[in-house]
Amino acid sequence: MDLLEYQGKQLFGRHGLAVSDGKAVTTVDDAVAAANEIGYPVVVKAQVLIGGRGKAGGVKLAANEEEAREHATNILGLDIKGHIVRTLWIEYASDIDTEYYASILLDRSAKKPLVMFSVEGGVDIEQVAEETPEKLIKQNVDPLVGLTKEQALDIATKGGAAEDVIDGVADALVALYEVWIEEDASLTEINPLIITPDRKVKALDAKVTLDGNALFRHPENADLGDSANADPIELKAKEQGVTYVKLDGDIGIMGNGAGLVMSTLDVVAQYGGKPANFLDAGGGSDAETVQKAIELILANENVKAVLLNIFGGITRCDEVAKGLVGAFEALKPTVPFVVRLDGTNDVAGRKILEEAALPNVQAATTMDGAAEQVVAAAKGNA
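Under our numbering, read the sequence shown as residues 3 to 384, first letter to last.
What follows is the structure, encoded as structure tokens:
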């Protein structure tokens with residue numbers, strides 16, 4: 003779950019990282035009131051889960067009330083790469099001497115947390131890694147020990163932090179790691195981590211991704227994120243307990259098990275198709291779950307064909323078939339379906355579909371064959 007900037011900063015603040023005073027608002031009048039309360043100059047910042055806010059006109063400096071009102075009016079409702087600005091973050095404008103970069107993420111190859119630090123902050127870290135890799139320090143952390151102050155000091159020193167702020171940078175890294183561990187985050191990033199003229203270290207921005215599967219340990223974080231801009235199909239799927247991610251293709255995909263669904267996406271792509279979604283109905287899916295999953299897939303108007311790829315273990319293929327029949331009765335879909343049933347009760351499942359004689363439903367026996375059929379069906383329905 004990705005957090006908005008101000009939510010990440012509030013999380014940082016709970017763990018001792020210095021952040022600017024600010025207030026989240028949703029109306030122009032509240033933005034002006036917040037700016038007057040905080041004191042000028044302030045920065046009016048669009049809160050959306052996308053980069054490039056500044057270039058799109060979503061970050062503006064206001065020196066007085068008139069400018070605060072003007073910028074709030076212009077930014078609220080702004081479309082930034084498909085994300086509509088509904089929330090603003092009003093914060094006191096910081097004096098900046100230097101901009102650094104810091105992040106904690108999971109190094110999957112090393113199976114350890116990874117700290118990254120650079121004195122080249124304020125720009126895309128990918129650009130730094132490509133053009134001046136020597137200025138990007140990377141160190142793994144022993145998860146049984148955690149990021150110690152000593153290791154953080156070593157990172158800050160090797161990274162080239164100014165001598166008089168090395169200690170402050172190290173403290174910021176330790177606090178950032180604390181957020182990563184204690185909040186079950188998969189990414190905590192500060193870009194830029196600024197040094198003020200009076201040599202204070204402060205997080206001027208925040209990028210945080212929390213592990214949604216760990217939210218049961220953090221009920222206080224359950225309402226974070228940008229639900230106002232979330233895809234309505236994904237929100238409905240979440241309410242139903244179905245794992246669904248909308249993609250930009252035109253072939254609806256449903257499987258049981260994340261690995262099987264990922265493989266299905268890859269095979270469809272190999273045959274020249276573009277998946278419209280990732281949908282894992284989960285193990286043990288019954289007819290009702292399958293029907294709801296199909297309804298989610300068809301809610302995407304871009305879908306031109308649907309592939310059900312089921313390998314029955316604890317999921318019974320006859321239940322999947324019943325769910326498909328129920329979906330056709332209730333939804334009367336017009337797009338072609340390709341169905342591959344294999345595993346537990348697959349013979350019974352195929353018999354149910356044969357007897358139902360659903361219109362525009364093709365059977366497949368292999369994953370490759372199913373992928374080839376659904377790609378052809380989608381092209382034929384274009």
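Each residue gets a CB set at the ideal place from its N, CA and C atoms; glycine is no exception.
The model shown is predicted, which means the values in this text are computed figures rather than measured ones.
In three-state DSSP terms, what is residue i?
i      : result
ASP288 : coil
HIS73  : helix
ALA392 : There is simply no residue 392 to check, as the chain begins at 3 and stops at 384 in what is shown.
LYS47  : strand
ALA135 : The sequence given here has Pro at residue 135, not Ala. Correct three-state label for PRO135: helix.
PRO145 : coil
THR150 : coil
THR190 : strand
GLU93  : strand
THR28  : coil
PRO234 : helix
VAL21  : strand
ALA164 : coil
ASN38  : helix
ALA172 : helix
THR346 : coil
THR266 : helix
Answer yes or no: do residue i and residue j have a C-beta to C-beta separation smaller than 9 Å?
i      : j      : result
LEU5   : ALA174 : no
VAL181 : PHE14  : yes
ASN258 : ILE312 : yes
ASP99  : ARG201 : yes
ALA37  : VAL46  : yes
ILE253 : VAL322 : no
ALA358 : VAL327 : yes
LEU63  : GLU69  : yes
ALA301 : LYS238 : yes
GLY325 : THR291 : yes
GLU297 : ALA332 : yes
LEU307 : ALA379 : Checking the displayed sequence, the identity of residue 307 turns out to be Ala instead of Leu. Yes.
PRO338 : GLY382 : yes
GLU184 : HIS17  : yes
THR211 : MET369 : no
ILE197 : ILE255 : no
VAL143 : VAL125 : no
Look up residue i in the DSSP assignment and give the residues it is bridged to.
i      : result
LEU310 : MET256, VAL341
ILE197 : THR100, VAL203
GLN364 : VAL340
TYR246 : LEU281
ASP4   : THR211
HIS220 : Note: HIS220 sits in no beta bridge, so no partner.
PRO335 : In DSSP, PRO335 forms no bridge with anything.
ILE86  : ASP81
VAL117 : ILE106, GLN141
Using the rule of at least 16 other Cβ atoms within 10 Å of the residue's Cβ for burial, across every protein chain shown, is residue i buried or exposed?
i      : result
PRO277 : buried
LYS294 : buried
GLY56  : exposed
PRO234 : exposed
THR89  : buried
ARG219 : exposed
GLN141 : buried
ALA224 : exposed
ALA9   : The question names Ala, yet the displayed sequence has Gln at residue 9. Label assigned to GLN9: buried.
ALA315 : Checking the sequence, you will find Gly at residue 315 rather than Ala. It is exposed - the Cβ of GLY315 has fewer than 16 other Cβ atoms within 10 Å.
LEU146 : exposed
LYS334 : exposed
LYS11  : buried
ASP348 : buried
Below 7 Å CB to CB, which residues in the same chain sit around residue i once its five sequence neighbours on both sides are set aside?
i      : result
ILE52  : ILE82, LYS83, HIS85
VAL121 : TYR102, LYS137, GLY161, GLY162, ALA163
ASP207 : GLU7, ILE192, ASN193, PRO194
VAL176 : LEU149, LYS151, ALA154
ILE92  : GLY24, LYS25, VAL27, ALA33, ALA36, ALA37, ILE40, VAL44, VAL46
VAL376 : ILE253, VAL270, GLY275, ALA307, LEU309, VAL340
ALA74  : VAL30, ALA33, VAL34, VAL46, LEU90
GLY227 : MET3, ASP4, LEU5
Can you find the residues in the same chain that come closer than 8 Å, C-beta to C-beta, to residue i, ignoring five residues on each side of it along the sequence?
i      : result
GLY155 : The sequence given here has Leu at residue 155, not Gly. Result list for LEU155: ILE168, ASP169, ALA172, in chain order.
GLU39  : LYS25
GLU1   : Any property of residue 1 remains undetermined from this structure, which presents the chain solely from 3 to 384.
MET264 : PHE280
ILE354 : ASP320, ALA323, LYS324, VAL327
GLY285 : ASN258, GLY259, GLY315, ILE316, THR317
Take residue i and list the residues in its own chain whose beta-carbon comes closer than 6 Å to its own, dropping the five residues that flank it on each side.
i      : result
ILE192 : ALA104, ALA205
TYR179 : ILE106, LEU149
ILE139 : PHE119, ILE157, LYS160, GLY161
ASP213 : ASP186, SER188
SER22  : GLU93, TYR94, SER96
GLY2   : Because the chain in this structure spans residues 3 to 384, residue 2 falls outside the shown range and cannot be described.
ALA216 : ASP186
ALA366 : VAL340, ARG342, ALA372, GLN375
Could you check whether the Cβ of residue i sits closer than 8 Å to any heavy atom belonging to the ligand GTP?
i      : result
ALA373 : Because no ligand of any kind appears in the structure shown, any question about the ligand GTP cannot be addressed here.
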